[in-house]
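Numbering (the numbering used here), first residue to last: 701 to 973.
Note that beta-carbon positions come from the ideal geometry of N, C-alpha and C, so glycine has one too.
Heads up: the structure comes next, in structure tokens.
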Amino acid sequence: GLKLKIGTGLEKDKARRVVRVDGKDAKSQSDLASFLSAVWLTPQMDRLFLDSPSARRRFLDRLVFSLDPAHIGRLSRYEKNLRERMSLLQAERAADPLWLDRLESQLAADAVAIAVARKDLILTFGQQFQGERSAFPRPVLSLSGGVDGLLAETTALGAEEALQNKIKRARGQDAASSKSAEGAHRSDFLVHYAEKNISAAQCSTGEQKALLISIVLAHARMMKSEKGATPLLLLDEVAAHLDDARRHELFAQLQSFDGQIWLTGTDEGIFAS
């Protein structure tokens, strides 16, 4: 098999992070996704379900990257075009309408492709819990947003055309507010606790943590099933507030994976088993 030497660190005397593949600088950190997949949980993410929609989208998109590395490119191009469109709308001289049309056509195409990739991951994710009994709560994932609603009503091509029209009609509103009202950046990633039929935001702190762990474990199983490899798992203080049953199951599931897993914590006793 192919062997690569991959490294990351800070440049000497600078604060810029560098990624190198076989000794050569990569264009960006996102290039790592072409060679390995990584998923992480930190204590700061314990409030994910109470955080902003943008934080939840970033979490979901990292899961999508692992299965579809091209997702990074679509997101980067989409965000770049959003900024360029806003600059054109707020410029002193009126923008070329044909150029705006082409830009908004690309925005709509990328927004739908991003939404489809997110939707595909969620559909595949649901299959991980069919007939499974677990000490961890079963999460049900969904998306809420204009482009997601369009995809539920029509084909991807139909959603793309409808979204482009919406983006065009919102030019004046967007220029005045300095915000783009339509697109994939307006979607929210929603999680429900299936057994209790409540949103994750309404769950206790412990339940929210268990839901997050359940999502990461299911994602690792998906990766192992679909790509034959478990993603690199970086789990910081992940077992600290679990009861014995959930901690035992967490360690058992992690031991069943054949990937590289890092667990950190401040209490050595947690890892005794």
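Along the chain, where does the alpha helix (DSSP H) that runs through residue i open and close?
i	result
HIS885	Run containing HIS885: none; DSSP gives neither H nor E here.
ALA815	797–826
ARG785	770–789
LEU748	Note, LEU748: premise wrong, no alpha helix (DSSP H); not H, not E.
ARG921	905–927
Would you please state the rounded distance, in angstroms, between the beta carbons of residue i and residue j? I believe it to be under 8 Å.
i	j	result
GLU853	ILE867	At roughly 17 Å, the Cβ-Cβ gap does not stay under 8 Å, so GLU853 and ILE867 are not in contact.
ALA679	VAL812	Residue 679 is absent from the model: the chain starts at 701 and stops at 973.
ALA835	ARG946	5 Å
PHE825	MET745	18 Å between Cβ atoms; not a contact.
ILE822	LEU841	5 Å
THR708	VAL719	5 Å
Kindly indicate which residue of the options has the alpha-carbon position closest to the one of residue i.
i	options	result
ASP751	GLN790, PRO797, ASP888	ASP888
LEU954	SER776, ASP820, VAL938	VAL938
LEU788	SER878, ASP731, ALA856, GLU949	SER878
PHE735	ARG886, PRO769, VAL840, ARG802	PRO769
LEU969	PHE957, ASP944, SER956, GLU949	Here residue 969 is Gly; the residue named in the question, Leu, does not match the sequence. With distances taken between Cα atoms, GLY969 lies closest to ASP944.
SER737	GLU926, GLU895, LYS780, GLN828	GLU926
GLY779	LEU807, GLU861, ALA952, LEU912	The sequence shown places Glu at residue 779, not Gly. Minimum Cα distance to GLU779 is reached at LEU807.
LEU863	ALA876, ALA884, LYS727	ALA884
HIS771	PHE829, HIS892, ASP810, PHE951	ASP810
LEU800	ALA791, ARG785, ARG793, GLU792	ARG785
LEU710	LYS703, ASP725, GLN873	ASP725
ALA795	ALA875, ARG757, ASN865	ALA875
ARG869	ILE915, HIS892, ASP848, SER805	SER805
GLY845	LYS819, GLU861, THR855, ARG833	LYS819
LYS727	GLY773, ARG747, LEU704, PRO753	GLY773
Buried or exposed, going by whether 16 or more other CB atoms sit within 10 Å of the CB of residue i?
i	result
ILE706	exposed
ALA815	buried
SER766	buried
ALA900	buried
GLN827	exposed
GLN902	exposed
ARG783	exposed
PHE759	buried
VAL865	One detail in the question is off: residue 865 reads as Asn in this sequence, not Val. Its Cβ having fewer than 16 others within 10 Å, ASN865 is exposed.
Using a Cβ cut-off of 9 Å (strictly closer), state whether residue i contacts chain C.
i	result
HIS941	No chain C is part of this structure, which consists of one protein chain only.
At what residues does the beta strand (DSSP E) containing residue i begin and finish?
i	result
THR708	706–710
LEU843	839–844
ILE961	961–964
ALA738	738–741
Exercise. Do the region 705–715 and the region 904–914 touch if we need at least three Cβ pairs shorter than 8 Å?
Worked result: For the pair of segments examined, the region 705–715 was found not to touch the region 904–914: the number of CB pairs separated by less than 8 Å stays below three.
Exercise. How about the region 946–965 and the region 924–937: do they share at least three Cβ pairs that are nearer than 8 Å?
Worked result: Contact annotation: the region 946–965 touches the region 924–937, with at least three C-beta pairs closer than 8 Å.
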